[in-house]
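Trainee: Residue numbers (the numbering used here), protein chains in the order written: chain W, 6 to 113; chain L, 6 to 113.
1. Residues bridged to residue 12/W by DSSP?
2. Would you grab the beta carbon distance between residue 89/W and residue 108/L for me? Rounded to a whole angstrom, and I think it's under 8 angstroms.
3. Run through DSSP, which three-state label would residue 97/L get?
4. In this structure, how does DSSP classify residue 85/L when only helix, strand and coil are distinguished?
5. Could you name the residues of chain W that residue 20/L contacts, counting a contact when the two beta carbons are closer than 7 angstroms?
6. Just the chain L side, please: which residues come within less than 8 angstroms of residue 59/W by C-beta, in chain order?
7. So, is the C-beta of residue 62/W closer than 9 angstroms to a C-beta in chain L?
8. Strictly under 9 angstroms for the Cβ-Cβ distance: is residue 28/W near chain L by that measure?
9. Give the DSSP-derived three-state secondary structure of residue 90/W in the structure shown.
10. According to DSSP, simplified to helix, strand and coil, what is residue 46/W?
11. Can you pull the chain W residues whose beta carbon is under 8 angstroms from the beta carbon of residue 105/L, in chain order?
12. So for residue 25/W, helix, strand or coil by DSSP?
13. Output needed for residue 87/L: all residues of its chain with C-beta closer than 6 angstroms, excluding positions within five of it in sequence on either side, in chain order.
14. Pair every Cβ in the segment 14–30 of chain L with every Cβ in the segment 55–74 of chain L, then say whether three or more of these pairs are closer than 8 angstroms.
15. Beta-carbon of residue 50/L versus every beta-carbon of chain W: anything under 9 angstroms?
16. In the DSSP assignment, what are the bridge partners of residue 70/L?
17. In angstroms, rounded to a whole number, what distance separates the CA positions of residue 95/L and residue 97/W?
18. Distance, Cα to Cα, residue 34/L vs residue 93/L?
19. Would the beta-carbon of residue 41/W fall within 9 angstroms of that of residue 80/W?
What follows is the structure, encoded as structure tokens:
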């Protein structure tokens, strides 16, 4: 027997951040582009774009810095605010996992 | 912004207990029958039966006591072990929620 766990952030109606969107942001940063980051997760460009736009709307800051031009015709990187937010979310996830594992062990 | 959370119990491959199966067991106890309990959740009899069988296989104790005969042709009630387990799971859920809310408030 083992424990399953999922956490996410939502507004009144919908999820807007969790492990999926977090992974997308990390892949965008890694690849330097929204398109490439989405492709790494087998996600359509439009789905990825909506995900990012949804995060920006709900957190009320810009997530991506667009770079224009260059050899590959521009790309995207994470803003400092987005990087800070991901760090905070990581820490939140880590503490949640640690705490729930303890509670699980206590009861089962 | 708000927090979303889901926990469940699983074996190597599959979930076998969480809020859905817990609700089913409570509805069976309430209505005195697997069929009626399933109906209250708009769940098919076969799905409910599989859910219960899956719980029994994974927890390794009987969950339902079948009663035979009577005006309505028999029914089902929870075994003492099942009642004990639900109590334990409730307490587990309660502590998880409490703990995660605290961690959420700390970070966001």
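In this text, a Cβ means the ideal position worked out from N, Cα and C, and glycines have one as well. All values derive from a computational prediction rather than experimental measurement.
Mentor: Walking through what the data contain:
1. Locating residue 12/W in the first chain gives position 7, counting from the first residue. 10/L.
2. Here residue 89/W refers to the residue found at position 84 of the first chain. Here residue 108/L refers to the residue found at position 103 of the second chain. About 18 angstroms separates the two Cβ atoms, so there is no contact after all.
3. For the purposes of this step, residue 97/L is identified with residue 92 of the second chain, where counting begins at 1. Looking at residue 97/L - three-state DSSP - the assignment turns out to be helix.
4. As a first step, residue 85/L must be located in the second chain, where it is residue number 80. DSSP places residue 85/L within a helical segment (H, G or I) once states are collapsed to three.
5. The sequence position of residue 20/L within the second chain is 15, counting from 1. Here the neighbours are 9.
6. Locating residue 59/W in the first chain gives position 54, where the first residue counts as 1. None at all; the shortest Cβ gap to chain L is about 13 angstroms.
7. Taking the first residue of the first chain as 1, we reach residue 62/W at position 57. Chain L contact via Cβ: absent.
8. Translated into positions along the first chain, residue 28/W becomes position 23. False, the Cβ-Cβ gap to chain L never drops below 9 angstroms.
9. Position 85 of the first chain, counting from 1, holds the residue named residue 90/W. The answer is helix: DSSP assigns residue 90/W an H, G or I state.
10. Taking the first chain and counting its residues from 1, one reaches residue 46/W at position 41. In this structure, residue 46/W counts as coil in the three-state DSSP scheme.
11. In the second chain, the residue the question calls residue 105/L occupies position 100. Those are 12, 101, 104, 105, listed as they occur along chain W.
12. On the first chain, position 20 is the one that residue 25/W refers to. In this structure, residue 25/W counts as helix in the three-state DSSP scheme.
13. By one-based count along the second chain, residue 87/L stands at place 82. If we look at residue 87/L and ignore the five residues flanking it on each side, its Cβ neighbours are 68.
14. yes
15. Translated into the one-based positions of the second chain, residue 50/L becomes position 45. No - not a single Cβ of chain W is within 9 angstroms of the one on residue 50/L.
16. As a position in the second chain, residue 70/L is number 65, starting the count at 1. DSSP output for residue 70/L lists 82/L as bridge partner(s).
17. Along the second chain, one-based indexing puts residue 95/L at 90. Along the first chain, one-based indexing puts residue 97/W at 92. Cα-Cα distance, rounded: 24 angstroms.
18. Taking the second chain and counting its residues from 1, the one referred to as residue 34/L is at position 29. Taking the second chain and counting its residues from 1, the one referred to as residue 93/L is at position 88. Cα to Cα, the separation comes out at about 17 angstroms.
19. As a working mapping, residue 41/W is identified with position 36 in the first chain. As a working mapping, residue 80/W is identified with position 75 in the first chain. Contact: yes.
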